[in-house]
Every structure is written in C-alpha cells, then in structure tokens.
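K.L.:
One structure, pasted below without further comment.
In this note's numbering, the protein residues as written are 2 to 383.
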C-alpha cells in the first residue's frame with residue numbers, strides 16, 4: 002500500500018471521498034488542491050495538515066494563505082501550482098480528481114516523476130490518452146483507474162496473461178435519470194431533472210454527462226486508451242442497478258464481472274491499496290437483498306452523445322479533444338440555464354464539424370483543438 006498521497010481536486014465529490022478513505026487507511030496527505038473555495042480547503046488543510054495547499058483561483062489562494070497563516074501549510078495559487086502539487090517529492094501517489102483539461106499537465110508531470118496515478122480525471126485519457134500511456138510506459142509509472150467501471154475492468158484483468166485473450170470489454174451504464182424516454186421527451190427535461198441521478202451522488206458536470214450518456218462515451222474512449230484496444234472491442238450495456246460495474250469477455254467465452262454496491266469509496270480504496278486489498282468499513286454487497294440484475298442496449302437515437310463519442314473514438318487524432326472540449330462548454334451553458342438539453346449534442350456535433358482533427362497530435366495540438374472546440378460552442382451558444 003502507498004503511504005503518502007497528493008489529492009488534486011480535493012473539495013469535489015471524489016476528492017472528499019478520497020480523504021475519507023485515506024483517513025481510514027492511515028495514509029498521509031501531502032498536498033491538497035482545488036479550483037476555488039478557500040473556506041472548504043482551509044477545513045481540509047486543518048484536518049489533514051498537508052505541506053502544500055493550492056487554489057487555482059489566485060484571489061482565493063490569497064484568502065487561503067491568510068486563513069492558514071497559523072499553520073505549517075504552504076499555500077500557492079494559479080494553474081501552474083497544480084503541477085507543483087503533482088510532483089511533490091514526498092507523495093508517492095497522485096489522485097487526479099480535478100474535472101476537465103486542467104488535469105492533463107499535472108498528470109503528465111506526475112508520470113514523469115514515476116508516481117502512481119490514481120486516475121479519476123477522464124479528460125486526461127480522452128484527450129491525450131496515447132501521449133499519457135506512452136509517457137507512463139517510458140517512465141514505469143503505474144496508472145490505476147478510480148472510475149468504478151474502469152476499476153472493475155482493471156480488477157477483472159488481473160488474471161489476464163495477454164491482451165490477445167480479451168474478446169471485448171463491456172462497460173455498464175445506469176442509463177441516467179432519463180432512461181426509457183424518447184428524443185422528444187428528453188428534450189423537455191430541465192437542469193433539475195438532469196441532476197437527479199438514480200444511483201450515484203456526483204458533481205453536476207459528470208451527472209449531466211450521465212444524463213446525456215456522454216459520460217459513457219468518454220469511458221469508451223478511456224477504455225480504448227487505458228487498455229490499448231480498438232473501438233470494436235469496447236461495448237456498452239445499460240444496467241440500471243449499478244451492481245455489476247463492468248465486465249471482461251475473454252476469447253474462450255468466459256465473462257468476468259466485478260460486482261459491488263454503488264459506492265465510489267470502493268474503487269478509491271483499491272487504487273490506494275493496490276495490489277493489496279484493505280479491510281473496509283462499508284457494508285458488503287448483499288446478493289440476497291439486491292434487486293434482479295437487468296441488461297439492455299443503449300438508445301443512441303434518444304441519447305446521441307454516446308454515438309458522437311464513438312465516432313470521435315473511431316476518427317482518432319484530436320477528434321476526442323474536440324469532443325471533450327465542446328461537451329465541457331455545452332454542459333456549462335446548460336448548467337447556467339443558457340441552453341436546453343438537446344442543445345448539448347447539437348453543439349458538440351457542430352464543433353466536430355467545424356474543427357478539423359489532426360492526426361498524431363502533440364500536446365500543443367491537443368490543447369489547440371480543445372480551445373477551438375470551446376470557441377465554437379461559445380459562438381453558437383450565445
């Protein structure tokens with residue numbers, strides 16, 4: 002088990018649960034970071050006594066520095082300070098729980114220092130998966146996924162001798178709050194409706210992504226990058242109960258699944274203790290008490306974001322960065338009440354048509370594609 006962690010995005014849902022698990026395991030916290038919110042980060046810093054606390058918002062960082070002046074915690078502000086937290090020499094594991102492209106540079110920097118990456122930031126692999134995995138292979142850094150679906154696959158692959166044994170990865174999807182609705186019905190749904198996830202408690206952006214099924218599309222791309230598999234070997238099935246977190250089908254017909262209660266603390270705990278398993282205070286899955294397990298095909302017509310993500314995955318290059326950047330901006334507009342639910346896939350599709358993808362992209366190509374996609378959405382969404 003790793004002994005010291007840096008948590009990027011500590012005030013979000015995954016970050017808070019990571020700190021809860023770390024406290025249970027007796028894992029030391031070296032660095033905490035957040036986007037804004039000095040009061041919340043102050044409370045965490047006083048509880049966990051990190052050497053470094055970072056707020057991306059520099060005005061909030063100045064406020065935090067005053068609040069923590071009586072402690073031994075150093076406070077930094079600005080995006081570049083995220084990287085300083087990610088490469089802190091005393092941290093052997095970096096939990097990347099920030100939302101968005103802001104996590105890319107710190108993750109690459111931590112990989113360069115051969116740290117374990119407990120990866121909860123989708124955008125890192127969606128936008129720059131090949132760069133990230135190549136860098137990890139060169140440095141020998143471990144990437145252990147925190148997303149419940151990818152953690153499930155990671156666990157199911159423990160007995161896999163070679164990738165050629167895999168027939169396909171099967172990602173499960175709850176279907177979100179609008180499962181079973183038609184395209185027309187979905188278009189009438191509001192922000193409040195979209196934020197009512199049936200099984201999981203998460204931040205607003207990822208919850209909306211679950212409602213559009215974009216979250217599952219992003220996970221398809223993640224799986225391709227993380228496990229070096231083509232799109233044809235990654236499938237999605239609707240599983241409303243969120244008990245089977247994902248499955249691996251092998252070429253001999255065997256199918257391995259990882260089951261558990263819908264509790265993010267379980268994959269977080271595994272990422273921090275891998276390759277060991279630590280005792281957990283959480284209630285185990287009650288097979289006799291859980292509901293019947295059902296599976297169904299996703300409706301790509303009512304929820305076109307899944308198909309848009311699969312098309313970007315098939316195209317490759319910077320197409321996935323365009324998809325992700327456009328989606329982030331569109332979801333932001335939706336959460337701000339400036340566009341409707343149907344406008345999210347419309348704006349993502351438009352950005353994909355306007356921003357030409359580049360093959361074999363560099364990091365700068367990826368960042369440029371991300372910026373262009375965001376600009377496209379903001380022009381159209383005004």
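Using N, Cα and C, we set each Cβ at its ideal position, and we do this for glycine too.
None of these values were measured; they are calculated from a predicted model.
Please report the straight-line C-alpha distance between residue 109 and residue 84, rounded to a whole angstrom.
P.N.:
9 Å
K.L.:
Between 27, 371, 256, 360, which lies nearest to residue 167 when the distance is taken from Cα to Cα?
P.N.:
256
K.L.:
Does residue 69 pass the burial test, meaning 16 or more other C-beta atoms within 10 Å, or should it be called exposed?
P.N.:
buried
K.L.:
Tell me the DSSP secondary structure of residue 149 in three-state form.
P.N.:
helix
K.L.:
Taking the alpha carbon of residue 44 as the reference point, which residue from 177, 72, 240, 297 has its own alpha carbon closest?
P.N.:
72
K.L.:
What is the DSSP secondary structure of residue 16, counted as helix, strand or coil?
P.N.:
helix
K.L.:
Report all residues from its chain with a CB closer than 7 Å to the CB of residue 176; omit the five preceding and five following residues, and keep chain order.
P.N.:
239, 241
K.L.:
Using the rule of at least 16 other Cβ atoms within 10 Å of the residue's Cβ for burial, across every protein chain shown, is residue 291 buried or exposed?
P.N.:
It counts as exposed.
K.L.:
Is it true that the CB of residue 145 sits closer than 8 Å to the CB of residue 13?
P.N.:
no
K.L.:
Please report how far the alpha carbon of residue 258 lies from the alpha carbon of residue 344, in whole angstroms.
P.N.:
36 Å
K.L.:
If I'm right that residue 306 touches residue 170 with Cβ under 8 Å, what's the distance once you round it to whole angstroms?
P.N.:
Going by Cβ atoms, the distance from residue 306 to residue 170 rounds to 20 Å, so no, they are not a contact pair.
K.L.:
So what does DSSP say about residue 67, is it helix, strand or coil?
P.N.:
helix
K.L.:
So, do the segment 358-367 and the segment 335-344 have three or more beta carbon pairs nearer to each other than 8 Å?
P.N.:
no
K.L.:
Looking at C-beta atoms only, is the number of pairs between the segment 130-139 and the segment 282-300 that lie closer than 8 Å three or more?
P.N.:
no
K.L.:
I'd like the list of long-range same chain contacts for residue 88, defined as Cβ closer than 7 Å, with 5 residues on each side in sequence excluded.
P.N.:
110, 111, 114
K.L.:
At what residues does the alpha helix (DSSP H) containing residue 125 begin and finish?
P.N.:
123-140
K.L.:
Counting along the chain, where does the alpha helix (DSSP H) carrying residue 181 start and finish?
P.N.:
Premise fails: residue 181 is in no alpha helix (DSSP H) and is neither H nor E.
K.L.:
Which value, in whole angstroms, describes the spacing of the CA atoms of residue 323 and residue 174?
P.N.:
23 Å
K.L.:
Go ahead and label residue 267 buried or exposed: buried means 16 or more other beta carbons lie within 10 angstroms of its beta carbon, across all protein chains shown.
P.N.:
buried
K.L.:
Please report how far the alpha carbon of residue 90 lies from the alpha carbon of residue 120, in whole angstroms.
P.N.:
19 Å
K.L.:
Return the Cβ separation of residue 15 and residue 127 in integer angstroms, given the expectation that the two are a contact with Cβ distance under 8 Å.
P.N.:
That belief does not hold up - the Cβ atoms of residue 15 and residue 127 are roughly 16 Å apart, past 8 Å.
K.L.:
Buried or exposed, going by whether 16 or more other CB atoms sit within 10 Å of the CB of residue 51?
P.N.:
buried
K.L.:
Using a 10 Å radius around the Cβ and a threshold of 16 neighbouring Cβ atoms, would you call residue 363 buried or exposed?
P.N.:
So residue 363 counts as exposed.
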